[in-house]
Amino acid sequence: MSLGGTFAAIPCESLAAQALPLTFADAADLSLQAPVVAHVRIARASRLKPAEAIGVGPGRTRYYVEADVVSLIRGAQGLPARISYLADMANDAAGRAVKLRKKDEFLIFADRQGTTGSEVRLVATDAQVPYTAAGADRVRAILREATARDAAPRIAGIGRAFHVPGSLPGESETQIFLMAADGRPVSLNVLRRPGETPRWAVSLSEIVDESATAPRPDTLLWYRLACSLPQSLPPQSLAEADPATAPAIQADYQLIKMSLGPCTRSRPAR
């Protein structure tokens, strides 16, 4: 058996009740990390002896799992009808190893192992989650967005920020430049006009589109911003701005952060 490393699954007794539901950020974290995403059905699972399960954490048991692929959600090279992988599963409340039942269904987030393609490796210790149709649809939607030609890029940092007061009292515009991992120009723009609610938008080009808006929640662009932007602007972002405008820039940045809302996760980000 050539599979190695530590993997994890969720206990299968009272599986739905015990598993924390994946938030949108959880699903995006796993989906974007995994070259292979599949809906699988357990065919058989064998518990390994302690001597064969080196590195398993306390309170967990390692299994060698064979599963039938119900559907392949992501995987450019395809998968055989049956795959195998290792899963480290938490023991029950009494410390006993749980049973991984035949025909239990999961979504797995994995990478290919070996040369046959039938062996995969989960990308994280919790990268096997109980299957639901809604969960699978969410993952498909994330991957569709991620593979689109104009997909929102990963945010690598924050660049310069500037603030320009308008000609009327209470009128202003703030522009905050972001650093994208692919080098694409990205900026956040906040427009304030007297008597109107402040409006902000994100631009993914050098030219600010007048029709641009804030991203919808639970979209890839929302995830890239909400889960990447720090709580406050770093000092270097204000280095080239007029010091008198720094409070206004920080206030507009906080407006953006509040509008985006928290990046809620039920699992640690990796």
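So in my numbering, the last spot in the sequence shown is 1464, and the numbers never skip.
Heads up, the beta-carbon is just placed ideally off N, CA and C, and yes, glycines get one too.
None of the values given here were measured: they were computed from a predicted structure.
Along the stretch 1366–1417, the beta strand (DSSP E) occurs as fully enclosed runs of 3 or more residues at 1366–1374, 1379–1386 and 1393–1397, listed in sequence order. Setting aside the 5 residues that flank it on each side, L1385 is surrounded in the same chain by E1367 and R1393, each with a C-beta closer than 6 Å to its C-beta; the list follows chain order. Under the criterion of beta carbons closer than 8 Å, L1432 and I1443 qualify as touching, at roughly 6 Å. Judged by beta-carbon spacing, A1232 lies within the 9 Å limit of V1264, meaning their Cβ atoms are closer than that value.
Residue pairing for F1356: DSSP places it in a beta bridge opposite Q1369. The bridge partners DSSP lists for Y1257 are R1241 and A1281. CA-to-CA, the gap between A1342 and S1397 works out to about 17 Å. Boundaries around A1304 are those of the beta strand (DSSP E), E1299 to Q1307, since no alpha helix (DSSP H) includes it.
Shown here, R1332 sits in a helix according to DSSP, grouped into three states.
Judged by DSSP in its simplified three-state form, I1349 adopts strand. As the crow flies, the alpha-carbon of T1319 is around 8 Å from that of D1282. Between P1324 and F1300, the C-beta spacing is below 9 Å.
When DSSP reads this structure, E1313 sits in a beta bridge with S1278 and Q1307. Annotated three-state conformation of P1424 is coil, per DSSP.
Counting along the chain, the unbroken alpha helix (DSSP H) around Q1227 starts and ends at F1218 to Q1227. In this structure, the straight-line span from the alpha carbon of D1286 to that of L1294 is close to 12 Å. Here DSSP, grouped into helix, strand and coil, assigns P1456 to coil. Residue M1452 holds the alpha-carbon nearest to the alpha-carbon of S1426 among A1395, F1218 and M1452. In this structure, R1235 and E1260 do not form a Cβ contact; the two beta carbons are roughly 10 Å apart against a cut-off of 8 Å. It is roughly 17 Å from the alpha-carbon of Q1430 to the alpha-carbon of D1446. Under the three-state reduction of DSSP output, S1431 falls in the helix class. In the structure shown, the three-state DSSP call for P1462 is coil. Counting along the chain, Q1322 sits inside the beta strand (DSSP E) bounded by residues Q1322 to P1324. In this structure, DSSP gives I1248 a state outside helix and strand, which the three-state scheme calls coil. Within the same chain, Q1369 and A1435 come within 6 Å of F1356 by CB-CB distance, once the 5 residues on both sides are set aside. Scanning R1306, G1253 and Y1279 for the CA closest to the CA of Q1227 turns up R1306. Check the Cα spacing between V1230 and each of L1337, P1462, A1247 and R1418: the tightest is with L1337.
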